[in-house]
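Participant: First, the structure itself, so that you have it in front of you.
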Amino acid sequence: PREPAGGVLVVSAGTSDLPVAEEARVTAEATGSRVRTLYDAGVAGIHRLLSRTAMLREANCVVVVAGMEGALASVVGGLCPVPVIAVPTSVGYGASFGGIAPLLAMLNSCAAGVAVVNIDNGFGAGYLASRINRMAAGADPAPGGGGSR
Numbered sequence: 039p040r041e042p043a044g045g046v047l048v049v050s051a052g053t054s055d056l057p058v059a060e061e062a063r064v065t066a067e068a069t070g071s072r073v074r075t076l077y078d079a080g081v082a083g084i085h086r087l088l089s090r091t092a093m094l095r096e097a098n099c100v101v102v103v104a105g106m107e108g109a110l111a112s113v114v115g116g117l118c119p120v121p122v123i124a125v126p127t128s129v130g131y132g133a134s135f136g137g138i139a140p141l142l143a144m145l146n147s148c149a150a151g152v153a154v155v156n157i158d159n160g161f162g163a164g165y166l167a168s169r170i171n172r173m174a175a176g177a178d179p180a181p182g183g184g185g186s187r
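Residue numbers for the sequence shown follow our numbering, so the first one is 39 and each next one is one higher.
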């Protein structure tokens with residue numbers, strides 16, 4: 039099958055979010071999407087994200103993986119015109135409550151086009167992002183099964 043255009047972009051806030059971000063990346067690749075990554079681009083060093091806004095606009099879907107306060111999903115949602123899948127992670131210290139704090143922040147995002155999966159659900163985010171990407175590219179959204187219309 040032809041590789042979909044645009045692809046999926048996986049963005050992580052910090053290095054401690056990498057296991058979940060990698061789960062999303064591997065899942066999206068395994069289900070037929072081209073994936074690019076932008077890691078360690080959290081709001082504490084927002085210049086790393088702002089210098090890559092072209093990457094945000096080129097993707098068909100963006101997965102944002104963040105723990106701590108979970109603010110990155112809202113920022114990305116405000117910067118890009120495509121669906122954003124937010125993945126809260128259980129990493130963090132202080133009052134992150136095992137991922138509850140970023141989950142609530144992401145659920146209450148004021149940016150339009152941000153959807154949220156459960157805490158540490160890189161697989162679910164990667165699979166959904168791949169389906170969105172493949173649909174945007176005019177390909178079968180679920181190669182090898184996984185649902186029917």
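By construction, the Cβ of each residue, glycine as well, lies at the ideal position given by its N, Cα and C atoms.
None of the values given here were measured: they were computed from a predicted structure.
Whole-angstrom Cβ separation of residue 114 and residue 102, contact assumed at under 8 Å?
Facilitator: Your numbering for residue 114 matches position 76 in the sequence shown. Your numbering for residue 102 matches position 64 in the sequence shown. Yes, they are in contact, since the Cβ atoms of residue 114 and residue 102 sit about 5 Å apart, within 8 Å.
Participant: Can you list the beta strand (DSSP E) stretches of 3 or more residues lying completely in the segment 84-121, in chain order?
Facilitator: Complete beta strand (DSSP E) runs here, min 3: 99-104.
Participant: Can you tell me the Cβ-Cβ gap for residue 78 and residue 52, rounded? I've got them flagged as a contact below 8 Å.
Facilitator: Position 40 of the sequence shown, counting from 1, holds the residue named residue 78. Position 14 of the sequence shown, counting from 1, holds the residue named residue 52. Indeed, because the Cβ distance is near 6 Å, the residues count as touching under 8 Å.
Participant: Once DSSP output is grouped into helix, strand and coil, what is the label at residue 50?
Facilitator: As a first step, residue 50 is located in the sequence shown; it is residue number 12 there, counting from the start. Residue state, collapsed to three classes: strand.
Participant: Is residue 74 helix, strand or coil by DSSP?
Facilitator: Here residue 74 is taken as the residue at index 36 of the sequence shown, counted from 1. Residue state, collapsed to three classes: strand.
Participant: Could you check which residue in 178, 175, 164 has the C-alpha nearest to that of residue 68?
Facilitator: As a working mapping, residue 68 is identified with position 30 in the sequence shown. Looking at the Cα atoms, 164 is the closest of the given residues.
Participant: Evaluate residue 127 with the Cβ neighbour count: other Cβ atoms within 10 Å of its Cβ, from every protein chain shown; 16 or more gives buried, anything less gives exposed.
Facilitator: The count along the sequence shown starts at 1 and reaches residue 127 at position 89. The residue is buried, with at least 16 neighbouring Cβ atoms inside 10 Å.
Participant: Considering only the alpha carbon of each residue, which of 132, 177, 48, 65 lies closest to residue 80?
Facilitator: Taking the first residue of the sequence shown as 1, we reach residue 80 at position 42. Checked all of 132, 177, 48, 65; the closest Cα to residue 80 is 48.
Participant: How far does the beta strand (DSSP E) with residue 154 in it extend, from its first residue to its last?
Facilitator: Residue 154 sits at position 116 when you count from the first residue of the sequence shown. First-last of the beta strand (DSSP E) with residue 154: 152-154.
Participant: Which of helix, strand or coil does DSSP assign to residue 125?
Facilitator: Taking the first residue of the sequence shown as position 1, residue 125 is located at position 87. Strand.
Participant: Taking buried to mean at least 16 other C-beta atoms within 10 Å of its own C-beta, is residue 176 buried or exposed?
Facilitator: The residue labelled residue 176 in the question sits at position 138 within the sequence shown. Classification of residue 176: exposed, given that the 10 Å Cβ count is below 16.
Participant: Taking only the alpha-carbon atoms, compute the straight-line gap between residue 155 and residue 76 and give it to the nearest angstrom.
Facilitator: Along the sequence shown, read from residue 1 onward, the residue named residue 155 stands at position 117. Along the sequence shown, read from residue 1 onward, the residue named residue 76 stands at position 38. The straight-line gap from Cα to Cα measures roughly 19 Å.
Participant: If we ignore side chains and look at the alpha-carbon of each, how far apart do residue 159 and residue 166 end up?
Facilitator: Looking up residue 159 in the sequence shown gives position 121. Looking up residue 166 in the sequence shown gives position 128. Cα to Cα, the separation comes out at about 11 Å.
Participant: Between the C-alpha atoms of residue 143 and residue 169, what's the straight-line distance to the nearest angstrom?
Facilitator: Taking the first residue of the sequence shown as 1, we reach residue 143 at position 105. Taking the first residue of the sequence shown as 1, we reach residue 169 at position 131. Each residue's alpha carbon lies about 25 Å from the other.
Participant: Buried or exposed for residue 146, going by 16 or more other Cβ atoms inside 10 Å?
Facilitator: Start at 1 with the first residue of the sequence shown, and residue 146 comes out as number 108. Residue 146 should be labelled exposed.
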